Each structure stands twice: as C-alpha cells, then as structure tokens.
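Chains as they are written, first to last, in this note's numbering: chain A, -15 to 428; chain B, 7 to 306.
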C-alpha cells in the first residue's frame, strides 16, 4: 500500500506543479477518438492548497485554451492495444492542442474506460483516543479499512472516502471537529489492471509528457454530465463510448460504483458492416447519418444507397431502407443496454432512492436511444451533455466529450482520495531520519 | 472504373517523434524568446564587433558620416553669402573686414561667431560687437565703436584715446572729426575722466588752452599757447583751476608776462615771471634799471 501512496502522491505533486505553472493538459483516451484539452489555470487560491481533508489544490478557475480530437489508433475496449499506434495518436492530438493553445504542455491527466474496473465498498472503524476527531483520526480510520484481495496484477485507481459515521450519526462529509467515540468510514475502491497503467505510462513517457493524474472514464463522465442534484440524490451515468460502455453510480456527490461493459458504438458499426456487407468507414458514415433504434413506417420509404466501387454493378448499386438499418442496429444497442441493466442490478442500483439514469458519450447520440433505454433501464432516463466550461470550442461540446470535460473538472476540483490524507504515524517506516533527509531532498 | 480522386493512403497523419519534439521545443517560452530576441541580438552584436575590428571599415564609416555632414552643411540653406556691418565708420569697417578674414560664401556651421566676436573686440577701435546669422544667409555684425575723446601725446607718438582711456588709433591713422583736447605725459590715459573735467572747467580759456600734461603720474599741468604753465595740485585740481580763472577774470593774470603759476600748494600760490618782467619789476621797485638778469631763484 505504501507503493500506491508514493506513486499517487508523486502524481499529485506533479499536478500541483502544473497548477503552479498554470498549464495542464487532459487527455481522454477512448477506443474511437482521443481528445486533448489544454487548460490554463489563472488563479489558484493559496489558502485552499493546504493538504488535508480539504480540496487538494483549491478551487481553481480554469479556461480551455486548446482542444483537439483525433481518431484513436491502437486502442481496443478502452485499453491500449498497440503501443506505437497509440503513441502516435497521442502525439497527434497533443501537438494540435498545443498548437491551438500556443503553449507547451508538460503535464497530462489521462482517463480511460477499459482495463476491467472493479468496485469495492470498504469500511473501517476505530475508537477515538481523544473525544474529538482530528486529521490523524481520519487518516487512521482510512488505514483501518480492511483491503480485500484485489487479485493478481491489479492496481488501485480511486480510493475515495464516501461517508463518515461517528457513533450513531452517519452521512458526514467531514467528521473533523466532531466529538464522539467510534469513527467509521465507508470507502469506495476502484481497481484496474496494473498492466494497463504501465502501458499507459510508457506511452505518455514516449510522448515527452509527464503523467500528473489518472482517472476512470465513467467517473469523470459522471462528474461532467450529472447535474448537482443528481450527484447528490443518486444517479447512474452511462457513458456509451466507441469500444466500451462504462457506467458509474453517484450518491452524495461521490462515486460509489463503476463498471465497464466491453461493447460500444464500434460494435454497432461492425454489425452494420457485416450485415450490409460494406466497409467499416461507410458503415460508420451510414450509422451516424441514418442510424436509429426505433423504426417507423416512414423509415421503410427512406432508401439509403450503399455505393461502392468494386466493379460489380449489382454490388455497387445496392440500396437499403432505413428500417433495415435500424433492424441491424437495434439488437446490438439493446444488448448493450441489457448488459448495463445487468451490471446496475448487480450493483444494487434499484435499491437506491433515486433511479435517475443519464446517457452520455458518443453513442448516446443515436436517435431514439432515450426511448429504447427507458424501456430497458427504467423511466427516469435522460440524455446528458457535459457541463459547459469556459473556452471550450463549440465542436467539443457534444456528449462525446463528457469524459474529456469531466477530466478537466476533475483536475480543477479534485475529490479527496485516500492518499490525500497523511499516512498514520504507526505505518511510518522505522527509519524516520532517512525519511526526513528524503523530504529535504525532495523539497529543496 | 477507378476513383478519379487519389486517396491519400499510406501517409501517417501523426507527427513523427522529431517533428513533435521540435514543435514542443518551439512552443517553449524560453526557447522562443531566445530565438526571437537573443539570437538576433547576438548576431547584431557579433556582426558589429566583427565589422569594427577592421580599421578600414571604421575609417570608411567615419568618412562616410563626415561626408554626409559636409553635404548637409554645404546646402544653400546654411550658406552665409553676405556680411552686413552696421555702426562702424568706413575706416573701421575695413578694419573689421580685415580682422574677420572670412571668405564668403561659407557654411554657417564653419563660422565660429564667438571666436570672431573675440577677434573683433580685440580691435582697439571697437568697444563691442554683436554677431548673428540672419535668415537669407546674412552675417550681421553690429559694431559699437570707441569714440576718441582725447589726443594723447607720448614719447612714442601721438594717439587718440577714448573717454575710458582706451587706445583708439594713432593720430596719423585716423583724423578726428572734431578738434579734440590734448593731453600729454605718462599715465594720462589712466585718468581721462579727470582730464575731461579739467577741460570742462577750462572752457573759458578757449583757444589759448593748448593741453594738459600729467606730471609724475600724480598731478596735472595746464599748458597755454603762450607757454604759460599752470601747475595744479594733486587734489582739488578743479578748484585750483577755477581759482586761476577767477584771478584771470579779475586781474588778467594769464595775459601778463608770467611763465608759471604754481598752485601745487593751494595755500601758497606762486607766480614765476619771465626774466624780462622780472627785470622790469626790479627797475620799478628800485627806481633804477638793473641791467643784469636775475640768477638763482627766479621765484617771486
């Protein structure tokens, strides 16, 4: 666990340094597209930057000064598949965003959806030595959480204290200063495959960038596309991407569950490509232009030409009605939504007081999806778009960019994570003099 | 049929690692500033230094600058064509022209007005000079001349001096417009004001007055055309002369056969008679003629 502390704290230090410099890039690595935003942090409140339970780097106002999106390469199911290709795609988008921003970016925060995230709900309990809760008590209770067996080769991505309870009182956001005897905490732990992180680190390093943070795509998509009361009362955000459909459940402004369905818009495209026997690029074009999930009588009369240039006249002059296209698309979309339903049920989403579901991501732009989703997922379904942030170009305001925008918000207003609290004193290594020397070397 | 449009296949849209790095380097603010400001500044400084290490370049540059300066100075706008001399008599005008020694036309940048003025003021006949270059290329010289007040006879020669005792001109060089009183003796130019006051007092003498003679750098003698000398005291010279004139009014002492009237001691005015008068006086006093002239003390 100390290794985790160290790596996460190193990333946090880099993020703070980037904030001091004022320029930070966020990079959303998706299976279908890769988008990069360059943020400029104008004013950082030095008072709020102190470490502890408070927000990590203070409430920083930021502005998007560079934005670029490029076709993703070498990414499958939200995880890096071909390192060199992904590296080239990252270079393309980072270079274009830098060019737009006219500033060099050194630090980047990355989000990705894949690598099989797994959620754990942990709880820990301690008896308070003094009557009042102090910072050290919070750190102690976090350390008291018993970590389950994460499995071989898995790494913690998020570990956020969700709820504190003191004696019989629960639902506390910040227990410090309260008086009681027993302090307990509920913590949400998200783990992903360690290999994915290592590959990503390698890619980012090859691009001369420094990784200043990592975030899970469903989490940041939820941050940007759920409105505040949805986050407070409880809602699920379903980010329908190209290669994966990721879902996250929010409650009391904390993520309490995240998961990924390894199916997305690219599978719909490949279905169209296979079903209609057309190339993938044509299938993608037809899907975005004529696609839908609910067929009407009108769609029988809308004829789509499947032009190609194979030389076979009959093959080149084929047509298909829109109803047929919908007939190809709908089963796959239904399958995705059914899978999401299963994951939500497994997470116990139907026990939540509020059953709001927000669909976002690029595939949520299929016409009629909200009607289909409300049949499968429940009544309270809406389509979500990311929050508006300052300086974001019009072309990157769509639902496909909810995780990129959420990543920017995550960079500006980070939530407390486990490693933002001090390590409890009894977990310090014995040779504290060596630590002091190291601290001096790190800071001076 | 194949597509007429050529597909851009095989071209990787991603920047190569070196393109990417160069662009990042170029976006670095320090590097940008270094290249946009530092490099030109260094090149400029280096080039300038290299240029000036060669002696020929320096001389060529200096000569070029001087050539441009000369061209500007020689423009007709700055040329002085005429010299207008005001307030000087024709003789002095010639003197001024000679003293200034300008060969016009000349550039106004080459004319040193202060030097010329000093040269003019050094001329004896000129009290003050005012030089200025007026528009139209005229050098205007306004001259205040010294006015001769006295003729001063010295052992070296006879000269004209003004009311302050300054030398104006030799008498042979310049004929005064009006008759001037005459003084003699060493140091007479030091006390011209005294002399002029005495001349004013001696106005009634008219043509009989020949001049004043400074004696021993301390007192004046009045010399009349008959050879009579009136020796005035050091102090109270004017009063003494008044007294002599009063005596002349009453007793016509100056018309008599007197050689010298000595007023050096005001309480004891003394008259020296001529030898003939002395003889006549003795004869009158003794009642018999005395053929031998008086020798020794001639004072009576």
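Ideal placement from N, C-alpha and C gives every residue a C-beta, glycine not left out. Small disclaimer: the values here were computed from a predicted structure and weren't measured.
Interface criterion met: the Cβ of residue 76 of chain A is under 8 Å from a Cβ in chain B. Straight-line spacing of the CA atoms in residue 404 of chain A and residue 142 of chain A works out to 11 Å. In this structure the segment 59 to 78 of chain A does not touch the segment 143 to 162 of chain A; the number of beta carbon pairs closer than 8 Å is below three. One Cα belongs to residue 158 of chain B, the other to residue 232 of chain B, and the distance between them is close to 20 Å. Partner residues in the beta bridge of residue 17 of chain A, as assigned by DSSP, are A:55. The continuous alpha helix (DSSP H) containing residue 358 of chain A extends over residues 353 to 361. For residue 26 of chain B, at least one C-beta of chain A is nearer than 8 Å to its own C-beta. For residue 264 of chain B, the closest of B:273, B:272, B:254, B:270 by C-alpha to C-alpha distance is B:254. Interface residue (Cβ-Cβ distance to chain B less than 8 Å): residue 87 of chain A is classified as such.
Between the alpha carbons of residue 131 of chain B and residue 138 of chain B lies a distance of about 20 Å. Runs of the alpha helix (DSSP H) lying entirely within the segment 162 to 198 of chain A, each at least 4 residues long, are 178 to 190 in chain order.
Look at residue 40 of chain B: its C-beta is not under 8 Å from any C-beta on chain A. Chain B has a Cβ within less than 8 Å of the Cβ of residue 72 of chain A. Using beta-carbon distances, residue 51 of chain B does not count as an interface residue toward chain A, since no partner is under 8 Å. Rounded to whole angstroms, the Cβ separation of residue 345 of chain A and residue 224 of chain A is 4 Å, and the two are in contact under 8 Å. Under the 10 Å beta carbon count, residue 402 of chain A is surrounded by 16 or more other beta carbons and is classified as buried. Contact annotation, residue 207 of chain B with residue 235 of chain B: C-beta distance approximately 16 Å; criterion of less than 8 Å not satisfied.
Residue pairing by DSSP puts residue 156 of chain B in a beta bridge opposite B:167.
Per DSSP, the beta bridge partners of residue 137 of chain B are B:147. Taking the Cα of residue 151 of chain B as reference, the smallest distance to any Cα among B:134, B:47, B:219 is reached at B:134. In the DSSP assignment, residue 226 of chain B is bridged to B:220. Between residue 19 of chain A and residue 388 of chain A, the C-beta spacing is below 8 Å. Collapsing the DSSP output to three states places residue 243 of chain B in a helix. For residue 207 of chain B, the uninterrupted alpha helix (DSSP H) run begins and ends at 198 to 207, by DSSP. Taking C-alpha positions only, residue 95 of chain B is separated from residue 166 of chain B by approximately 16 Å. If only uninterrupted alpha helix (DSSP H) runs of at least 4 residues are considered, those enclosed by the segment 41 to 125 of chain A are 67 to 85.
DSSP links residue 92 of chain B through a beta bridge to B:148.
Remark: C-beta atoms of residue 220 of chain A and residue 328 of chain A approach each other more closely than 8 Å. A direct Cα-Cα distance of roughly 15 Å separates residue 76 of chain A from residue 59 of chain A.
For residue 221 of chain A, the beta-bridge partners assigned by DSSP are A:232, A:342. Contact between the segment 221 to 241 of chain A and the segment 265 to 276 of chain A is absent: fewer than three C-beta pairs spanning the two stretches fall below 8 Å. Judged by DSSP in its simplified three-state form, residue 156 of chain A adopts strand.
Contact check for residue 24 of chain A against residue -4 of chain A fails: the beta carbons are separated by 8 Å or more. Secondary structure of residue 147 of chain A (DSSP, three-state): strand. As summarised for the segment 20 to 64 of chain B, the continuous alpha helix (DSSP H) elements at least 4 residues long and confined to that stretch are 23 to 33, 35 to 39, 45 to 59, given in chain order. Between residue 355 of chain A and residue 341 of chain A, the C-beta spacing is not below 8 Å.
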